[in-house]
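Counting from 2, one number per residue, gives the positions in the sequence shown under our numbering.
We treat Cβ as the ideally placed atom computed from N, Cα and C, and that holds for glycine.
Data first, discussion second: the structure below is written as structure tokens.
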Amino acid sequence: MTARFLTLEILILKCRIFDIEFKNPVFLASGTFEYGLIYRNVTNRAGAICTKGITARPRGGNPPPRIFETACGLINSVGLENPGVDVFCKETLPRMQRLKTRIFVNVAGFTIDEFVEIVGKIGPRVDGFELNVSCPNVDMGGVSFGRDPDVCAEVVARVRAVTKLPLIVKLTANFCDPLVVARRCVEAGADGISLINTLHGMAFDLKKREVLIQGGLSGPAIKPFALYCVHRLKDIDVPIIGVGGIMSGADAYEFLLAGASAVEIGSAILRDPFSPLRIIKELKRYTG
Ligand SMILES: Cc1cc2nc3c(=O)[nH]c(=O)nc-3n(C[C@H](O)[C@H](O)[C@H](O)COP(=O)(O)O)c2cc1C
């Protein structure tokens, strides 16, 4: 697989979403590729990168264990470890701006005011925002916001007032109907919906007879459900970005068939950081 061949593959998959041109519809999912600064050759060939969730204040994250492998997937309990919006703007963002891909900042507020604060501080220096109202590993905000259509609509409306950039809302499917939440988000001004975030999951330590980890389940185990959720939103009038268990071009194409305009690759990256390049190449076989 030569670099030139890959470039050609990518050119053919070019697409336009939110009135922005993307090299291809394969994006890097939040939390699985940090800020895209390490494997730059992968970042620069992806359609976009969604950053790790950025909070208003720095966060050390949850105590270990943070990752646990399950049958066909993994449970993570990272707990939104990140440097906070101020350090992100000062140190990380200037480096990210040199990347040759679209940048979406994943915004993780614990209150509605924090969503507004984070988006306001980042301003127009990125291509758009992915509002994370769906993290299952934190006590406040996260899924408790994401399953309440009124709260989600308010988050979108308040953030809409401070930015003209594309606003994608990243939904949960944990104990709620994402279609109901998506409709309200679109009415409130969302430009797109990404789904799904991780599902609730847990594992026990059999010797100690206690909970070993409780967090978000991701990977191939959740793919059929994620696909169902994307398809459920097929009549929603904004672009849908499909996420959940995509490991191959065939998986990605299934999400496009279900109605997604683009996909995000998450857990596959943890197994192989070069997997997005393989997925882009494989996807071409189906769309060419
Ligand atoms: C280690 C890890 C960290 C994650 N961190 C975030 C995050 O900060 N913000 C977010 O919206 N989603 C986060 N996610 C969820 C992924 O972006 C994605 O929605 C989910 O893992 C499902 O896709 P996958 O099955 O391809 O991994 C994280 C997932 C993993 C595995």
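Rounded straight-line distance, which links the Cα of residue j to that of residue i
i: E283; j: P84; result: 35 Å
i: C230; j: G147; result: 15 Å
i: L9; j: V144; result: Residue placement at L9 is flagged as unreliable, the pLDDT there being 49, under the threshold of 50; a coordinate-derived value is accordingly withheld.
i: L81; j: K285; result: 34 Å
i: I242; j: P26; result: 9 Å
i: R279; j: A47; result: 11 Å
i: G110; j: R210; result: 34 Å
i: C73; j: V170; result: 27 Å
i: C136; j: L258; result: 26 Å
i: R60; j: S249; result: 33 Å
i: T33; j: G190; result: 28 Å
Residue i in three-state terms, based on DSSP
i: E283; result: helix
i: M203; result: strand
i: C16; result: strand
i: T44; result: helix
i: C51; result: strand
i: F28; result: strand
i: T33; result: coil
i: F23; result: strand
Proximity of residue i and residue j at Cβ, strictly below 8 Å
i: L132; j: L168; result: yes
i: S195; j: S268; result: no
i: A154; j: R103; result: no
i: S31; j: I214; result: no
i: T164; j: F116; result: no
i: C90; j: I123; result: yes
Strand pairing of residue i, partner residues [DSSP]
i: V170; result: L132 and I194
i: C186; result: DSSP output for C186 lists no bridge partner at all.
i: V244; result: E265
i: R60; result: N83
i: T71; result: G74
i: G217; result: N77 and H201
Contact with chain B by residue i, beta-carbon distance below 8 Å
i: V144; result: Here chain B cannot be found, since the structure has a single protein chain.
For this session: Please go through the segment 101-139 and give each complete beta strand (DSSP E) segment of 3 or more residues, from N-terminal end onward.
Result: Complete beta strand (DSSP E) runs here, min 3: 103-108 and 129-133.
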